[in-house]
Amino acid sequence: MKIKKILFPLAIFLLLSSGCSYTVRQVKGRPSQSLNGGIFYSLPKTKIRVAVTFEYTNFDMAPYVDYAEKYLGIEVDDSRAWEIADVDITAVYEADPDHYYYVEPRNSKISVQVSEKGLLKSINSPFVEITAPDENVVERVEKINLSEYLYSTANYNMHERVDTLYAPGKGSENEESMVYVRSSVKKNEEQRAEETAKKISEIQQKKMEILYGEYESSYNENALNFVYSSLEREEKRLMQLFTGVKNTFTDVFYVEPELSKVVVDDQIVELFRFSPQEGIVDSTNEDAMPIYCNLTVENNLRAVSRYAKGKSGKGYLKKVSPKTNTSTFKYRIPEVVRVSFVTPSFTKQKTVKVSQFGTILELPARNVEAVFDSHTGELQYIRNR
């Protein structure tokens, strides 16, 4: 009876092993065995890419900023030259140096595809990348002469002044004659601001005529759109004399999720320090505002981990124990993490999949067809061969 109990599991093991045509070994440091005719792959590791767009306003190019409220009815705070305009949060997947594996064929052929980064794409199954269609289509518009529609660039710096002087007449001592003297004098700053505001109002009126069909012309719709966009550009140029010239800059920051159990559920990272007057400043500047990135783990894989543990060795889900030396393909189910970018004026959140927070599983020890997500490493398709 005891012999049967020993031989039965052994027979099952040999049966499963006989169907496996490859060996998978984890590679740590210098391999203890020679590696010939195989292929390496790695489990993915996730970094959070935070691209922050800053808007800088150059008020040196705004000579009429003090008259913006008086003539345009807008308030301009020239003490805040820098603002955080937008942020884009994405996940970047790369090879995890702590989880490299070597696949060596044994009795028969095995097809393994890996990405350029060394991440597993497929086993014994074709893998086809999905590419987006090319949307870089340039619409052609009719070229027309805008000289009769666009206002000419007037000389806003000079104006004509007519002075009336009285000079003694030639006939008698009491007789006076009027003498008109014309001269050009320099306008002051407020006069130039007022005239620029009037020009902006005229351009806006012309735009309204086009919008509401009051514009009399034989040009087609594309031509009118071209006129309208040109008027908008001129309006923007003149408005910048009051509001300043705005430029945008994008800086990219990377956050590597911390694997420590102390901070794994809620990680707070200071990305930079920000000043509305100077932009990004040194981290030692205590007067600047710290800008944070928060990572909160959703813990969606607890049920998966418990199920895999309870079904260890059964079916396709088999959790890998750190002390177990198996010879099958390893893969990860990534964990969902909520990433928050926090500023004093707004907070932006996005959920991403972090591979190293996920559960490591292994495929059955037999020939299978499988397809994986080439970025996150998720198993997308599997069947017995």
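In terms of the working numbering, the sequence shown has 102 at position 102, counting the first letter as 1, and numbering is strictly consecutive. The beta carbon of each residue, even a glycine, is placed where N, CA and C say it ideally should be. Keep in mind it's a predicted model, so treat the numbers as computed, not measured.
Selection from the options that minimises the alpha carbon distance to residue i
i	options	result
Glu369	Ser79, Thr359, Arg383 and Phe253	Arg383
Ile89	Lys28, Val252 and Ala197	Val252
Asp98	Glu378, Lys45, Glu256 and Leu361	Lys45
Glu406	Glu190, Ser229, Glu202 and Lys246	Look at the range of the chain in this structure, 1 to 385, and you will see that residue 406 is not part of it.
Asn188	Tyr64, Ser275 and Arg366	Tyr64
Glu235	Cys293, Ala197 and Val255	Ala197
Glu362	Lys109, Ser355 and Leu379	Leu379
Ala365	Ile210, Val342, Thr328 and Val339	Thr328
Ser79	Tyr93, Gln204 and Asp60	Asp60
Pro334	Glu69, Glu278, Leu119 and Val354	Val354
His375	Ser122, Thr23 and Asn58	Ser122
Tyr331	Arg273, Gly37 and Gly377	Gly377
Lys350	Arg49, Tyr41 and Tyr56	Arg49
Glu104	Val114, Asp282, Thr23 and Asp77	Thr23
Asn294	Tyr93, Ala68, Asn222 and Val337	Val337
Pro276	Thr57, Ile210 and Tyr41	Thr57
Tyr41	Leu120, Tyr228 and Gln205	Leu120
Val339	Glu286, Pro290 and Ile268	Ile268
Boundaries of the beta strand (DSSP E) in which residue i is found, first to last residue
i	result
Ala91	Trp82 to Pro105
Tyr436	Since the displayed the chain opens at 1 and closes at 385, residue 436 lies outside it and no answer follows.
Glu194	Per DSSP, Glu194 belongs to no beta strand (DSSP E); it is in the alpha helix (DSSP H), Glu189 to Leu211.
Val65	Premise fails: Val65 is in no beta strand (DSSP E) and is neither H nor E.
Val24	Tyr22 to Val27
Per DSSP, the bridge partner or partners of residue i
i	result
Asn294	Ile268 and Ser340
Glu335	Val354
Ala370	Ile123 and Ile382
Ala365	Beta-bridge pairing links Ala365 to no other residue.
Gln113	Ser122
Val52	Val87 and Asp251
Gly279	Ser275
Phe40	Tyr102
Asn58	Val245
Spatial distance of residue i from residue j (CA atoms)
i	j	result
Tyr149	Tyr71	Low confidence applies here, because Tyr149 scores a pLDDT of 40, under 50, leaving its location unreliable; read the following figure in that light. If you take the alpha carbons of Tyr149 and Tyr71, they lie about 24 Å apart.
Lys348	Lys207	35 Å
Ile200	Gly73	13 Å
Asp86	Thr53	5 Å
Asn300	Asp266	15 Å
Val112	Asn124	6 Å
Asn136	Asn220	With a pLDDT of 37 at Asn136, under the threshold of 50, the modelled position of that residue is not reliable, and the figure given next carries that caveat. Cα to Cα, the separation comes out at about 24 Å.
Asp386	Ile39	In this structure the chain extends from 1 to 385, so residue 386 is not present and cannot be described.
Glu194	Phe242	11 Å
Tyr101	Tyr292	36 Å
Ile203	Met239	11 Å
Lys47	Glu116	17 Å
Phe357	Leu259	7 Å
Tyr254	Arg25	31 Å
Phe341	Glu270	10 Å
Val162	Ala51	Caution is warranted here: a pLDDT of 46 is assigned to Val162, below 50, making its placement in the model unreliable, and the coordinate value is therefore given only provisionally. Roughly 58 Å between the two C-alpha positions.
Leu43	Val27	12 Å
Pro344	Ala288	12 Å
Thr250	Arg273	15 Å
Ala81	Ser230	28 Å
Glu69	Gln191	15 Å
Arg233	Gly213	20 Å
Pro126	Pro257	33 Å
Asn145	Ile210	Per-residue confidence for Asn145 stands at a pLDDT of 41, beneath the threshold of 50, marking its modelled position as unreliable; no derived number is given.
Asp282	Gly118	37 Å
Extent of the continuous alpha helix (DSSP H) to which residue i belongs
i	result
Leu72	Ala68 to Leu72
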